[in-house]
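Chains A and B are the protein sequences, given in the same order. Residue 128 in the working numbering sits at position 107 of the first sequence; the count goes up by one each step and never skips. Residue 8 in the working numbering sits at position 6 of the second sequence; the count goes up by one each step and never skips. Where a beta carbon is used, it is the ideal one built from N, C-alpha and C, also for glycine.
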Amino acid sequence: TQLLEQSPQFLSIQEGENLTVYCNSSSVFSSLQWYRQEPGEGPVLLVTVVTGGEVKKLKRLTFQFGDARKDSSLHITAAQPGDTGLYLCAGARGSARQLTFGSGTQLTVLP
Amino acid sequence: DTAVSQTPKYLVTQMGNDKSIKCEQNLGHDTMYWYKQDSKKFLKIMFSYNNKELIINETVPNRFSPKSPDKAHLNLHINSLELGDSAVYFCASSQVASTNTQYFGPGTRLTVL
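Right, here's the structure in full:
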C-alpha cells in the first residue's frame, strides 16, 4: 500500500492542453514537495508547499496543498513537450528527515 | 560544478558478485541518502546518514551495507547480488530543515544477469 497515491499514473496529451496531477494520502504531512525526473537523471525539486491551502505558481505550473495537508495537486497550463517527464510528489512528516515519495505520474506531451 | 555525483553510471554484473556504488556531494549538506527506483519508477528510501551516522535503515537485505567515510561521501556496497537487485540507485543529499529539500545524483543503473 502506497502512503502517497498519485493519479493518473500515465498521461499523454497534445501540446497546448491543460492537465492536473493529483497526490493523495490519508496521512497529514508537514510539507509536500513536487519533483520532476527526466530520463537518465535524478529527480529535481520544483516546489515545496508548507501551509494548508497554499498555492504556488511556477510559470505555467500551479501547485496547491490541500487544506488538511493530506493532498496536493499540480496543474499545468498549455503543456509543452519540454514538460514531459515523471512527476513525483513527496511528503515530509513532522521533523522527520525522511521523505515519502508518491507512486509517480509519467507525463508525455506530444508536439 | 556537479552537486551530487555517483559512479558508476551503469553497472552490469553477474549474480553472486559483490559491487560498490560511490556517491559524493559538494553542497556541504549534513545528510545523505540512498534510494532504489524500481522498474515501475517507485522511489523507495534505503538508508540515510546524518553527519556520518546512520539514522534511517529501512527494511533492506543485510547484503546492502552503506558506508560514510565523511559528511561528503556515502557509498553503497552490495554483496551476493541477486536478480531482484536490478534497479536504478539514487544518492541524494539535504541540509535538514523543516522542508528537507533533497538533491539527487544522476543515478546508477544496476543490471544483474
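Three-state secondary structure (DSSP) of B/Asp87:
Here residue 87 of chain B refers to the residue found at position 85 of the second sequence. Note: B/Asp87 maps to helix in three-state DSSP.
In the DSSP output, which residue or residues are listed as bridge partners for A/Asn45?
Residue numbering aside, residue 45 of chain A sits at position 24 when the first sequence is read from its first letter. BP columns for A/Asn45 point to A/Glu26, A/Asp92.
Alpha-carbon spacing of A/Leu32 relative to A/Gln127, whole angstroms
For this step, residue 32 of chain A is matched to residue 11 along the first sequence. For this step, residue 127 of chain A is matched to residue 106 along the first sequence. Roughly 6 Å between the two C-alpha positions.
Using the Cβ count rule (16 or more neighbours within 10 Å means buried), how would you classify A/Arg90?
Here residue 90 of chain A corresponds to residue number 69 of the first sequence, with the count starting at 1. The residue is buried, with at least 16 neighbouring Cβ atoms inside 10 Å.
How is B/Gly109 classed by DSSP in three states: helix, strand or coil?
Numbered from its first residue, the second sequence carries residue 109 of chain B at position 107. DSSP places B/Gly109 in coil when its eight states are reduced to three.
Quick check: A/Cys110 and A/Leu53, are their CB atoms within less than 8 Å of each other?
Here residue 110 of chain A corresponds to residue number 89 of the first sequence, with the count starting at 1. Here residue 53 of chain A corresponds to residue number 32 of the first sequence, with the count starting at 1. Yes, these two residues count as a Cβ contact at 8 Å.
A/Ser124: contacting residues in chain B (beta-carbon distance under 7 Å):
One-based indexing of the first sequence puts residue 124 of chain A at position 103. Here the neighbours are Phe44.
Identify, in the order they occur along the chain, each residue of the same chain with its Cβ nearer than 6 Å to the Cβ of A/Glu75, setting aside the five sequence neighbours on each side.
The sequence position of residue 75 of chain A within the first sequence is 54, counting from 1. Excluding residues within five positions, the ones whose Cβ falls inside 6 Å are Phe86.
Between the CA atoms of B/Lys46 and B/Ser7 - distance to the nearest angstrom:
On the second sequence, residue 7 of chain B is found 5 positions in, with the first residue counted as 1. On the second sequence, residue 46 of chain B is found 44 positions in, with the first residue counted as 1. For B/Ser7 and B/Lys46, the distance between alpha carbons rounds to 19 Å.
For the stretch 93-107 of chain B, which residues have a beta carbon sitting closer than 9 Å to at least one beta carbon of chain A?
Cys93, Ala94, Ser96, Val98, Ser100, Thr101, Asn102, Thr103, Gln104, Tyr105, Phe106, Gly107
Do you know offhand how far B/Lys73's Cα is from A/Leu120's?
On the second sequence, position 71 is the one that residue 73 of chain B refers to. On the first sequence, position 99 is the one that residue 120 of chain A refers to. Distance between the alpha carbons of B/Lys73 and A/Leu120 is about 20 Å.
According to DSSP, residues forming a beta bridge with B/Asn59:
Residue numbering aside, residue 59 of chain B sits at position 57 when the second sequence is read from its first letter. Answer is B/Phe49, bridged to B/Asn59.
Measuring straight from C-alpha to C-alpha, what distance separates A/Ala99 and A/Glu38?
Along the first sequence, read from residue 1 onward, the residue named residue 99 of chain A stands at position 78. Along the first sequence, read from residue 1 onward, the residue named residue 38 of chain A stands at position 17. Computed Cα separation, rounded: 5 Å.
Compile a chain-ordered list of the residues in the stretch 23-48 of chain B whose CB is closer than 9 Å to at least one CB of chain A.
Thr33, Tyr35, Tyr37, Gln39, Lys42, Lys43, Phe44, Leu45, Lys46, Ile47
What does a CB cutoff of less than 6 Å around B/Val14 pick up in its chain, not counting 5 residues either side in sequence?
By one-based count along the second sequence, residue 14 of chain B stands at place 12. Excluding sequence neighbours, B/Val14 sits near Thr113.
Got a sec: is the Cβ-Cβ distance from A/Leu12 to anything in chain B below 8 Å?
Here chain A has residues from 22 to 132 only, and residue 12 of chain A is not among them.
Go through its chain and collect everything with a Cβ distance to A/Pro29's Cβ below 7 Å, but skip five positions before and after it.
For this step, residue 29 of chain A is matched to residue 8 along the first sequence. Correct list, in chain order: Thr126.
Any C-beta of chain B sitting closer than 8 Å to the C-beta of A/Thr105?
Residue mapping note: residue 105 of chain A aligns to position 84 of the first sequence, counting from 1. Chain B contact via Cβ: absent.
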